[in-house]
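*Asks:*
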Amino acid sequence: MISLLGLIPIAVLLVLIAGAIFVWAVKSGQYDDLDAPALDILRDDPKPMPKPTEAPPIEPERRDE
1 MISLLGLIPI AVLLVLIAGA IFVWAVKSGQ YDDLDAPALD ILRDDPKPMP KPTEAPPIEP
61 ERRDE
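No gaps in the numbering here: position 7 of the sequence shown is 7 in our numbering, and each next residue is one more.
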């Protein structure tokens with residue numbers, strides 16, 4: 001029974017903290033647009049860069065010694 005004297009204030013404090021975080025999230029616009037992030041995954045990826053044309057390998061010059 002004595003433990004309830006400590007647990008009840010801790011529970012009330014946690015509820016107040018959770019409520020304050022929720023109010024902050026709503027005021028800062030965290031819940032304004034819930035549909036766009038879900039649709040972002042359906043958008044096409046950017047097109048890959050084209051491969052550069054392959055030039056023939058350059059042969060090293062031979063020096064006459």
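We put the beta carbon where it would ideally sit given N, CA and C, even for glycine.
#1: Along the chain, where does the alpha helix (DSSP H) containing P37 start, and where does it finish?
#2: Hey, could you find the ends of the alpha helix (DSSP H) P9 is sitting in?
#3: Using only the alpha-carbon positions, how far apart do Y31 and A55 sit?
*Replies:* Short version:
#1: Along the sequence shown, one-based indexing puts residue 37 at 37. First-last of the alpha helix (DSSP H) with P37: 36-40.
#2: If you number the sequence shown from 1, residue 9 lands on position 9. Start and end: 2-27.
#3: Locating residue 31 in the sequence shown gives position 31, where the first residue counts as 1. Locating residue 55 in the sequence shown gives position 55, where the first residue counts as 1. When rounded, the distance between both Cα atoms is 54 Å.
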